[in-house]
Amino acid sequence: VFVVSGPGGVGKSTLVAELMKRDPELWLSRSWTTREQRPGEAPDAYHFVTRAQFEAHIDAGGFLEWTNFLGNYYGTPQPNPPAGKDIVLEIEVDGASQVKKQHPNAVLIFVLPPSREEQRARLNARGDDERKVDQRLRKAEEEEPVGMALADHVIVNQKLEKTIADMLGVISDARRNR
6 VFVVSGPGGV GKSTLVAELM KRDPELWLSR SWTTREQRPG EAPDAYHFVT
56 RAQFEAHIDA GGFLEWTNFL GNYYGTPQPN PPAGKDIVLE IEVDGASQVK
106 KQHPNAVLIF VLPPSREEQR ARLNARGDDE RKVDQRLRKA EEEEPVGMAL
156 ADHVIVNQKL EKTIADMLGV ISDARRNR
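Numbering of the sequence shown is given in the numbering used here, commencing with residue 6 and proceeding in unit increments.
So this is what it looks like as structure tokens:
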């Protein structure tokens with residue numbers, strides 16, 4: 006299990022999409038959320054559900070991990086990958102902590118932004134309003150020390166190609182060391 010985590014606006018979705026294109030041995034577990042789909046966001050970015058649907062799935066034990074983040078639920082369903090595939094989870098820090106407790110051998114890659122200014126620009130580019138951007142930046146300041154302490158690898162997402170190369174290197178090393 007490979008976990009990609011980091012605060013909002015660091016580029017997790019972009020990085021994971023690129024990893025999926027470049028490594029056919031990876032299988033992405035699509036997270037569920039109760040938040041609204043953002044304008045221009047791919048419909049398969051998340052499995053968008055109602056609060057009632059999410060809570061029913063919690064009650065049924067259907068999540069590997071879940072959390073309430075800034076008023077919305079996010080969760081990873083129990084994964085069922087095809088044989089021979091490595092699972093990739095793209096999740097928030099709370100979820101990453103839950104996964105590491107259940108799966109101590111999971112490899113956690115924690116992604117950081119190159120700067121707060123760049124992180125703010127990325128969040129603004131997603132169409133988040135200023136209040137939500139400010140909330141996410143405050144949350145990032147809380148999450149970063151926790152995520153860095155949990156992480157097996159910390160990578161700053163400065164340049165996409167270098168970040169992807171670093172992440173593929175981590176994955177390759179982990180496979181060799183199994």
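No residue lacks a Cβ here, since even glycine has one placed at the ideal position from N, Cα and C. Since the model is a prediction, treat every value here as computed from it, not as a measurement.
Please classify residue i as buried or exposed, where buried requires at least 16 neighbouring CB atoms within 10 angstroms.
i, result
"residue 97", "buried"
"residue 156", "buried"
"residue 106", "exposed"
"residue 180", "exposed"
"residue 47", "exposed"
"residue 134", "exposed"
"residue 130", "exposed"
"residue 63", "exposed"
"residue 43", "exposed"
"residue 127", "buried"
"residue 57", "exposed"
"residue 146", "exposed"
"residue 3", "Nothing can be reported for residue 3: it is not among the residues displayed for the chain, which extend from 6 to 183."
Suppose the cutoff is 6 Å on Cβ atoms and the five residues either side in sequence are ignored; what does the same chain contact list for residue i look like?
i, result
"residue 99", "72"
"residue 9", "17, 21, 95, 114"
"residue 151", "98"
"residue 84", "34, 92"
How long is the line joining the alpha carbons of residue i and residue j, rounded to whole angstroms?
i, j, result
"residue 142", "residue 14", "9 Å"
"residue 88", "residue 41", "33 Å"
"residue 268", "residue 110", "Outside the shown range of the chain (6 to 183) lies residue 268, about which nothing can therefore be said."
"residue 52", "residue 144", "23 Å"
"residue 35", "residue 50", "7 Å"
Can you find the residues in the same chain that come closer than 8 Å, C-beta to C-beta, to residue i, ignoring five residues on each side of it along the sequence?
i, result
"residue 112", "6, 7, 8, 157, 158, 175, 176, 179"
"residue 102", "151, 155"
"residue 163", "119"
"residue 90", "30, 31, 32"
"residue 27", "169, 173"
If contacts are defined as beta-carbon pairs under 8 Å, then residue i and residue j qualify, I think. What distance do you get, rounded to the angstrom?
i, j, result
"residue 185", "residue 125", "Nothing about residue 185 can be read from this structure; the chain reaches only from 6 to 183."
"residue 68", "residue 80", "4 Å"
"residue 165", "residue 93", "Not a contact, Cβ separation roughly 17 Å."
"residue 2", "residue 39", "Since the displayed the chain opens at 6 and closes at 183, residue 2 lies outside it and no answer follows."
Ordered along the chain, which non-local residues of its own chain (more than five positions away) have a Cβ less than 7 Å from that of residue i?
i, result
"residue 54", "37, 39"
Beta strand (DSSP E) runs contained entirely in the segment 57-132, provided each spans 3 or more residues: You should have 68-74, 77-82, 91-96, 112-117.
Going along the chain, which unbroken runs of the beta strand (DSSP E) with 3 or more residues stay wholly within the segment 6-30? DSSP runs (the beta strand (DSSP E)) wholly in the segment 6-30: 7-10.
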